[in-house]
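Undergrad:
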Amino acid sequence: MKAELGIPKSIREAGVQEADFLAHVDKLSEDAFDDQCTGANPRYPLISELKQILLDTYYGREFTEGEVAAKKEAARTES
Numbered sequence: 001m002k003a004e005l006g007i008p009k010s011i012r013e014a015g016v017q018e019a020d021f022l023a024h025v026d027k028l029s030e031d032a033f034d035d036q037c038t039g040a041n042p043r044y045p046l047i048s049e050l051k052q053i054l055l056d057t058y059y060g061r062e063f064t065e066g067e068v069a070a071k072k073e074a075a076r077t078e079s
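Take the sequence shown: its position 21, counted from the start at 1, is 21 in UniProt numbering, and no numbers get skipped.
#1: Considering only residues of the region 8 to 60, which uninterrupted alpha helix (DSSP H) runs meet the minimum length of 4 residues and lie entirely inside it, listed in chain order?
#2: Cα separation between residue 5 and residue 11?
#3: According to DSSP, simplified to helix, strand and coil, what is residue 64?
#4: Measure the CB-CB distance between residue 51 and residue 28 and report whether it falls below 9 Å.
#5: Go through its chain and collect everything with a Cβ distance to residue 2's Cβ below 8 Å, but skip five positions before and after it.
#6: Skipping 5 residues on each side, what residues in its chain have a beta carbon closer than 7 Å to that of residue 57?
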């Protein structure tokens with residue numbers, strides 16, 4: 001549908017430079033967490049989940065719920 005409407009597939013395709021995005025993604029994640037509308041979600045997100053959604057949106061990947069927790073668990077067991 002995005003292609004049909006001429007909408008970029010990702011934030012990167014919209015012309016945002018990676019360095020600029022990465023320099024601000026932590027603040028964007030915190031701002032999203034602190035937004036008054038966040039509490040209206042069916043499940044309260046973690047800041048790390050919001051960051052992952054932003055990263056996935058930048059790179060044009062689909063967000064998979066539980067992916068952040070799985071990555072943390074994998075890193076913990078490797079240590």
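Ideal Cβ positions, reconstructed from N, Cα and C, are used throughout, including at glycine.
TA: Short version:
#1: 18 to 34, 47 to 59
#2: Approximately 16 Å between the Cα atoms of the pair.
#3: coil
#4: yes
#5: 8, 9
#6: 10, 11
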